[in-house]
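Student:
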Amino acid sequence: MGIAEPSQKTEYAQIIKKGASKKVDMVFTGLTFIAATLLIVFAIVPTVQTVKDIDREIKKKEQMSAALGKKLEALTSLDTQYNQNKEIFDSLELIFPTTKEFTLLLANIDAVTQRNNFILQSISFAEYRNRDYQTEATVLNPFSVRLSVAGSKADLTNLLKDLEQMPMFPAIESMAYSSKVDKDGNINYSISLRVYHLLEHKFYE
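Numbering-wise (this note's numbering), the sequence shown opens with residue 77 and increments by one.
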């Protein structure tokens, strides 16, 4: 085995250096790839998730905004309808009072009895106790009114019709009369009516 010439030694040394340099480059490239991968996993992926979370929150807020917009439109529409029908609503409490003071009813009954040549002798109010009667109304509560009147039998039919045509929409439930006729030819009648009043705590809910 011969001894290598100096030029050959130099060439071998360069080959060895190049091999080591290539290894260093490969290691550096590998480390760079690993670092980039870690950056994607630990930096970019959370950023993508954050973007998704923000997008989800934006969509929720858009849905809430749309719902609030619809409610605002509904309230505006109700306010417009109320202003257009304010007089009707103002008179509603007279027709169906929230208390048990039937002022309009009393005034109408007095006028109706006089118009039909009857004398209003007495009137009374009481809680409605007819359990057989049922209504689907949730804000109207029935109330009993009993009238005691005296008049001619010939005028009775017109009286009953006029009573039911009053603006409070009363309904005649029963009637009783006396068999006696007074000196003026009048008969005493007891008429039971069903009227309504508003349940205020439910009406304004």
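A virtual CB, placed ideally from N, CA and C, is assigned to each residue, including glycine.
Apart from the five residues on each side of it in sequence, which residues of its chain come closer than 6 Å, Cβ to Cβ, to N262?
Tutor: Numbered from 1 along the sequence shown, position 186 holds the residue referred to as residue 262. Closer than 6 Å at Cβ, skipping near neighbours: A226, G227.
Student: Take the Cβ of V283 as the centre, count every other Cβ of all protein chains shown within 10 Å, and call the residue buried at 16 or more, exposed below.
Tutor: The structure shown does not extend to residue 283, since the chain is modelled only from 77 to 281, so the question has no answer here.
Student: In this structure, how does DSSP classify Q241 when only helix, strand and coil are distinguished?
Tutor: As a working note, residue 241 is residue 165 in the sequence shown. Q241: coil per DSSP, three-state reduction.
Student: Is DSSP giving K146 helix, strand or coil here?
Tutor: On the sequence shown, residue 146 is found 70 positions in, with the first residue counted as 1. Three-state result, K146: helix.
Student: In whole angstroms, give me the CA-to-CA distance for R270 and S255.
Tutor: As a working note, residue 270 is residue 194 in the sequence shown. As a working note, residue 255 is residue 179 in the sequence shown. If I take the Cα positions, the gap works out to 25 Å.
Student: For A143 and H273, what's the separation of their Cα atoms in angstroms?
Tutor: Against the sequence shown, residue 143 aligns to sequence position 67. Against the sequence shown, residue 273 aligns to sequence position 197. Approximately 36 Å between the Cα atoms of the pair.
Student: Could you spell out where the beta strand (DSSP E) holding R270 opens and where it closes?
Tutor: In the sequence shown, counting from the first residue as 1, residue 270 sits at position 194. From DSSP, the beta strand (DSSP E) with R270 extends over 263-274.
Student: Between N192 and L235, which are expected to be in contact by the criterion C-beta below 8 Å, what is the C-beta distance as a whole number of angstroms?
Tutor: Position 116 of the sequence shown, counted from the first residue, corresponds to residue 192. Position 159 of the sequence shown, counted from the first residue, corresponds to residue 235. N192 to L235, Cβ: 4 Å. Contact.
Student: Spatial neighbours of E281 within its chain, please: C-beta separation below 6 Å, excluding the five flanking residues on both sides.
Tutor: Residue numbering aside, residue 281 sits at position 205 when the sequence shown is read from its first letter. Residue placement at E281 is poorly supported in this model, since its pLDDT is 45, which falls under 50; the coordinates still yield a value, given next. Contacts found: none.
Student: Whole angstroms is fine: what's the gap from S250's alpha carbon to N159's?
Tutor: For the purposes of this step, residue 250 is taken as the residue at position 174 of the sequence shown. For the purposes of this step, residue 159 is taken as the residue at position 83 of the sequence shown. Whole-angstrom Cα-Cα distance: 40 Å.
Student: Within the continuous alpha helix (DSSP H) that includes A183, where are the two ends?
Tutor: Taking the first residue of the sequence shown as 1, we reach residue 183 at position 107. 179-191 is the span of the alpha helix (DSSP H), which, as asked, contains A183.
Student: Considering only the beta carbon of each residue, do A202 and F219 sit closer than 9 Å?
Tutor: Counting from one through the sequence shown, the residue named residue 202 turns up at place 126. Counting from one through the sequence shown, the residue named residue 219 turns up at place 143. It is a contact, given that the beta carbons lie within the stated cut-off.
Student: DSSP on S34, reduced to helix/strand/coil?
Tutor: For the chain, the structure presents residues 77 to 281; residue 34 sits outside this window and is missing.
Student: Return the chain-ordered list of same chain residues with a C-beta closer than 6 Å to the C-beta of S224, the five sequence neighbours on each side being excluded.
Tutor: For the purposes of this step, residue 224 is taken as the residue at position 148 of the sequence shown. Only Q197, S198, S266 meet the Cβ criterion.
Student: Helix, strand or coil: how does DSSP classify S141 here?
Tutor: Against the sequence shown, residue 141 aligns to sequence position 65. In this structure, S141 counts as helix in the three-state DSSP scheme.
Student: Between which residues of its own chain and T189 is the CB-CB distance below 6 Å, once the five residues before and five after are set aside?
Tutor: Position 113 of the sequence shown, counting from 1, holds the residue named residue 189. Contacts found: L196, V225.
Student: Please report the straight-line C-alpha distance between L180 and K229, rounded to a whole angstrom.
Tutor: Taking the first residue of the sequence shown as 1, we reach residue 180 at position 104. Taking the first residue of the sequence shown as 1, we reach residue 229 at position 153. So the two alpha carbons sit approximately 27 Å from each other.
Student: What three-state label does DSSP hand R205 in the structure shown?
Tutor: Taking the first residue of the sequence shown as position 1, residue 205 is located at position 129. R205: coil per DSSP, three-state reduction.
Student: What did DSSP end up calling K136 once you bin it into helix, strand or coil?
Tutor: For this step, residue 136 is matched to residue 60 along the sequence shown. Helix, per DSSP.
Student: My output table needs one value for K259: the three-state DSSP class, helix, strand or coil.
Tutor: Numbered from its first residue, the sequence shown carries residue 259 at position 183. Coil.
Student: Based on Cα-Cα distance, which residue from I130, L239, T108, Y204 lies nearest to N184?
Tutor: Here residue 184 refers to the residue found at position 108 when the sequence shown is read from its first residue. Ranking the options by Cα distance to N184, first place goes to L239.
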